[in-house]
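Q: I'd like to ask some things about the structure below.
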Amino acid sequence: MAPKRHESLWFSSGDVVLSTNIYLFKVHKELLALQSSVFKDMFELEQPVEGVQGIVQELYEGLPLVALVGDEGKDVAHLLKAVYYRDYYDRDNDKTPLEIIVALLVLGNKYDFKHIQSDVMKQLLRLYPNTLDGFDDVDQGGYDCNLFGVHRVKSDFKLLEACHTANVAVLLPILYYACSEFTVEWIYEQVDEVGGLHASCLRTLLTGKCKLSLALRTLVAFLPDEFSNISCSSCKAGASVRHLHHQHGSHLWTYKGQDLAQSVLKDGCKQCTANLATRIDEKREEIWEKIPSFFGFAGWDELQ
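Following this line, the structure appears as structure tokens:
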């Protein structure tokens, strides 16, 4: 079926037509060129060169026709609405439909719309903080709620695929971490629900999950070594990790120092519990700093 004119993105004063699989958009070269370096270069290259023969510019009703090959019409519509209508996208509105966020993330990067890229990144970095305390808060309070109109878990996987496609490295480690919380079976179920992940993306996720799980098991395994540092004989005598066999969480918030220390030192004194909690949190921080490397990236600081 031939693409049709988009009702709200067909401007009578437009001087270029963008073509996609389902829509045609009559828009303005100058406006797009001001905001997008890719469109700026594209429009400059299409200018006829004096003395060059045989180059034919495809036209639509007398206007240059530019085919956006590989881009979905509905995604381009989201991008152009964000360009033309200031209230279409608000980076502080976390109820914005997920498909809009994904379209702006992928196409904003592809066509280098700086202000759109900046706004989407600020919103996602707020929702996916790359500090341990920040993501502990997300883990404890954010996973029973919706994000971008769907359950947060579905947003995690869809955004991971989008950032992988757009090569948004600054967000990839934290999104891999977010998606690694679940069992392998659950991960495959989520991948199916969101329409799949690129094979290399899925491989990185599962490999990193294994490395993270090993690090968390090692954290629990180190606890008996800390018992020698317990000053109170009664606290030391009652210390045990036997009941921690059930500790299977895949995120660091389930290994918080205070909670784990209280579990290990049943009826332990405040001082010994606090000391052990501090050591556990130091180990948690060490693991957090390694998370980007689990998924093949440089450290958090290098990703800024």
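Per UniProt numbering, the sequence shown runs over residues 1 to 304. Here a beta-carbon is modelled for each residue, glycine too, at the ideal position from N, C-alpha and C. This one's a predicted model, so the numbers in the text were calculated from it and none came from an experiment.
Residues in the same chain with beta-carbon distance under 8 Å from Q53, minus the five sequence neighbours each way, listed in chain order, please.
A: At Q53 the pLDDT is 46, less than 50, meaning the model places this residue with poor confidence and gives no usable figure here.
Q: Shortest alpha-carbon distance to D90 belongs to which of V16, E282 and L124?
A: Of V16, E282 and L124, the residue nearest in Cα terms is L124.
Q: Using C-beta distances below 6 Å, list every residue in its chain close to K209, excluding the 5 sequence neighbours before and after it, in chain order.
A: So the list reads S180, once near-sequence residues are dropped.
Q: Kindly indicate which residue of W253, H164, M121 and K4 has the alpha-carbon position closest to the one of G296.
A: G296 has its Cα closest to that of H164, out of W253, H164, M121 and K4.
Q: With a cut-off of 8 Å on the beta carbons, I'd call W253 and D136 a contact; round off their distance for me.
A: Contact holds; Cβ gap of about 4 Å.
Q: For F148 and D15, I'd like the C-alpha separation in whole angstroms.
A: F148 and D15: Cα-Cα distance of roughly 34 Å.
Q: Would D41 be called buried (16 or more neighbouring beta carbons within 10 Å of its own) or exposed?
A: Burial call: exposed.
Q: By the three-class DSSP mapping on this structure, what secondary structure does F113 have?
A: Of the three classes helix, strand and coil, the one that applies to F113 here is strand, per DSSP.
Q: Taking 9 Å as the threshold (C-beta atoms), are V83 and A162 in contact?
A: No. Outside cutoff.
Q: Can the beta-carbon of K290 be found less than 9 Å from the beta-carbon of A215?
A: For K290 and A215, yes; Cβs fall inside 9 Å.
Q: Between the Cα of L98 and those of Q117, H78 and D112, spot the shortest distance and give me the residue it belongs to.
A: Nearest of Q117, H78 and D112 to L98, Cα basis: H78.
Q: Indicate the three-state DSSP secondary structure (helix, strand or coil) for Y89 in the structure shown.
A: Looking at Y89 - three-state DSSP - the assignment turns out to be coil, as it is neither helix nor strand.
Q: Count the other C-beta atoms from every protein chain shown that fall within 10 angstroms of the C-beta of V69, then say buried if there are 16 or more, exposed otherwise.
A: Classification for V69: exposed.
Q: In whole angstroms, give me the CA-to-CA distance for D71 and S13.
A: Their Cα atoms are separated by approximately 24 Å.
Q: Grouping DSSP H, G and I as helix and E and B as strand, with all else coil, what is A239?
A: Here A239 sits in strand by DSSP.
Q: Is V17 helix, strand or coil by DSSP?
A: DSSP places V17 in strand when its eight states are reduced to three.
Q: If we count the other Cβ atoms within 10 Å of its Cβ and call it buried at 16 or more, is L212 buried or exposed?
A: When all chains shown are included, L212 counts as buried.
Q: With 16 other CB atoms within 10 Å as the buried threshold, where does H251 fall?
A: H251 comes out buried.
Q: When the distance is taken between beta carbons, is H6 closer than 9 Å to L34?
A: No, the Cβ-Cβ distance between L34 and H6 is not below 9 Å.
Q: Helix, strand or coil for L265, going by three-state DSSP, please let me know.
A: The answer is strand: DSSP assigns L265 an E or B state.
Q: Just confirm the distance between the C-beta atoms of S36 and D112, as a whole number of angstroms; I'd bet it's less than 8 Å.
A: Right, their Cβ atoms sit about 5 Å apart.
Q: Among residues of its own chain, excluding the 5 on either side of F11, which ones have a beta-carbon nearer than 6 Å to its beta-carbon?
A: Counting only Cβ-Cβ distances below 6 Å, and skipping sequence neighbours, we find K26.
Q: Which one or two residues does DSSP pair with K26 in a beta bridge?
A: BP columns for K26 point to W10 and V17.
Q: Looking only at its chain, what residues have a beta carbon closer than 6 Å to the beta carbon of Y88, apart from the 5 residues adjacent to it on each side?
A: Result list for Y88: K81 and A82, in chain order.
Q: For H78, name the three-state secondary structure that DSSP assigns.
A: H78: helix per DSSP, three-state reduction.
Q: Put V49 into one of helix, strand or coil per three-state DSSP.
A: Bear in mind that the predicted position of V49 carries a pLDDT of just 46, short of 50, making it unreliable; the figure below should be weighed with that in mind. V49: coil per DSSP, three-state reduction.
Q: What residue ranges within the stretch 142–197 form continuous alpha helix (DSSP H) runs of no fewer than 4 residues, ordered along the chain?
A: Here the runs fully enclosed are 152–166, 172–179 and 184–193.
Q: Would you call the CB atoms of L18 and V102 closer than 9 Å?
A: No, Cβ-Cβ distance for L18 and V102 is not below 9 Å.
Q: So L132 and E285 are supposed to be a Cβ contact under 8 Å. How far apart are they, rounded?
A: Confirmed, Cβ separation roughly 6 Å.
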